[in-house]
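Engineer: If you're matching positions, the sequence shown starts at -8 in my numbering and goes up one per residue.
I'd like to ask you about the structure that follows.
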Amino acid sequence: MMIHRKTAARLVKAFRSGSSLPVLIETDEGELFVIKWHNTGEGAIECISDWIWLNLASCLAVPVPAAEIILIPTELAEQAVDGELKELMVKSAGLNLGIRYFDSARPWRAEDWPQTLVSTRERIFLFDLLILNIDRTERNPNMLMNHHELLCIDFSASVQVRMAASGRSISEDSCLVWLRQHPFYSQTMSYTTFQDAAASAAEMIPSVIAALPDGWLSEFGDPEQTRAGLRRHLNDLLTDPTAVIHRRLEKLVNIPYESVEMLRRRVKQNSRQFQEKYGLNRMRSEPRKQSGE
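Structure follows, in structure tokens:
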């Protein structure tokens, strides 16, 4: 694949949803993209994850908008009226993630279920299961309808990429609890075609990873070492995806359904009990003793 470096020429508008302040820009070629900043929210990991999966998803027949890496010139911030946005644009000047914008697109709703093919629902769920995308729920589906076309957006919560970039291990079971909330989950699914499709996706891994800007990767240390870790982790994941999916589906059958609200309350309660048991709040409030005290 080619490494795209489009340049933003005009700030069209800002979206006041969430804390990361995404914006709509027009490139010097007249194309419209929604910009996700590399220097807000959880940092560059969101851009890294979205870039990887938006590029690989199409190999697995998962419908997604096109992604590009967009250069945001520092002077573009002068077009922002809001002071907070202007500061953010200066801070995040450089290479950011751009996602193709569709003026006619709207959020996917439960009423769209009948016109969403079973095969499409299965592919979307199985893809999210494979990459451990824990942020597609009934309450927050992260899908768009562009006329009659379904598009999946926002893969920034993929735990597989977070583990690969950071080198840390995260419990698979804790992720599956959230995937049980997926709007397309079903106990009976066909996933045999994933194996051949994954081979095509694996062929794209080197070029997709090579396109990641050093500035995004430096958050995790040496960019080349992080690239190597991402390539290794993703190749391992796509070597035998059906085995991974089969194992996780078997686990999901035994996980009871909880609403997102119930699950969040339980996670919060468990966190509070853990802190009380191990005295983390007290430890954080006590000043660290200096050597020799």
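Note that beta-carbon positions come from the ideal geometry of N, C-alpha and C, so glycine has one too.
Determine the burial state of PRO105: buried for a count of at least 16 other Cβ atoms within 10 Å of its Cβ, exposed for fewer.
Structural biologist: Answer is exposed; the Cβ neighbour count stays below 16.
Engineer: For ILE63 versus ASN87, is the C-beta distance shorter than 9 Å?
Structural biologist: Against a cut-off of 9 Å, the Cβ pair of ASN87 and ILE63 comes out as a contact.
Engineer: Under three-state DSSP, which class holds VAL168?
Structural biologist: DSSP places VAL168 in helix when its eight states are reduced to three.
Engineer: Report the three-state DSSP secondary structure of SER110 (helix, strand or coil).
Structural biologist: Reduced to three states, the DSSP call for SER110 is helix.
Engineer: DSSP state of LEU12, grouped into three classes?
Structural biologist: LEU12 falls in the coil class under three-state DSSP.
Engineer: Among the residues of its own chain, which have a CB less than 6 Å from the CB of LEU45, if the five just before and after it don't count?
Structural biologist: Excluding positions up to five away in sequence, the list reads VAL55 and ALA58.
Engineer: What first and last residue would you give for the beta strand (DSSP E) that runs through VAL3?
Structural biologist: Looking at the DSSP string, the run of the beta strand (DSSP E) that includes VAL3 is -3 to 5.
Engineer: Please state if the CB of LEU221 and the CB of ALA155 are separated by a distance shorter than 9 Å.
Structural biologist: Yes, these two residues count as a Cβ contact at 9 Å.
Engineer: Exposed or buried, TYR176, counting other C-beta atoms within 10 Å across all chains shown (16 or more means buried)?
Structural biologist: The residue is buried, with at least 16 neighbouring Cβ atoms inside 10 Å.
Engineer: Could you name the residues of the same chain whose beta carbon sits closer than 6 Å to that of LYS4, not counting the 5 residues immediately before and after it, in chain order?
Structural biologist: Closer than 6 Å at Cβ, skipping near neighbours: LEU15.
Engineer: State buried or exposed for PHE6, treating a residue as buried only when at least 16 other CB atoms are found within 10 Å of its CB.
Structural biologist: With fewer than 16 Cβ atoms within 10 Å of its Cβ, PHE6 is classed as exposed.
Engineer: Roughly how many angstroms lie between the CA atoms of LEU12 and ASP103, to the nearest whole one?
Structural biologist: Spanning the two alpha carbons is a distance of roughly 28 Å.
Engineer: Spatial neighbours of THR111 within its chain, please: CB distance less than 6 Å, with the 5 preceding and 5 following residues excluded, ordered by chain position.
Structural biologist: Cβ neighbours of THR111 beyond the five flanking positions: none.
Engineer: Can you tell me which of the three DSSP states MET134 falls into?
Structural biologist: Strand, per DSSP.
Engineer: Going by the beta-carbon positions, is the gap between GLY89 and VAL25 smaller than 9 Å?
Structural biologist: Yes; because the gap between Cβ atoms is below 9 Å, this pair is in contact.
Engineer: Output the distance between the C-alpha atoms of GLY206 and SER198, rounded to the nearest integer angstrom.
Structural biologist: Rounded to the nearest angstrom, the two C-alpha atoms are 17 Å apart.
Engineer: Quick check on ASN245: buried or exposed, where buried means 16 or more other Cβ atoms within 10 Å of its Cβ?
Structural biologist: Label assigned to ASN245: exposed.
Engineer: In its own chain, which residues sit with a C-beta less than 7 Å from the C-beta of SER95, not counting the 5 before and 5 after it?
Structural biologist: Excluding positions up to five away in sequence, the list reads ASN137 and HIS138.
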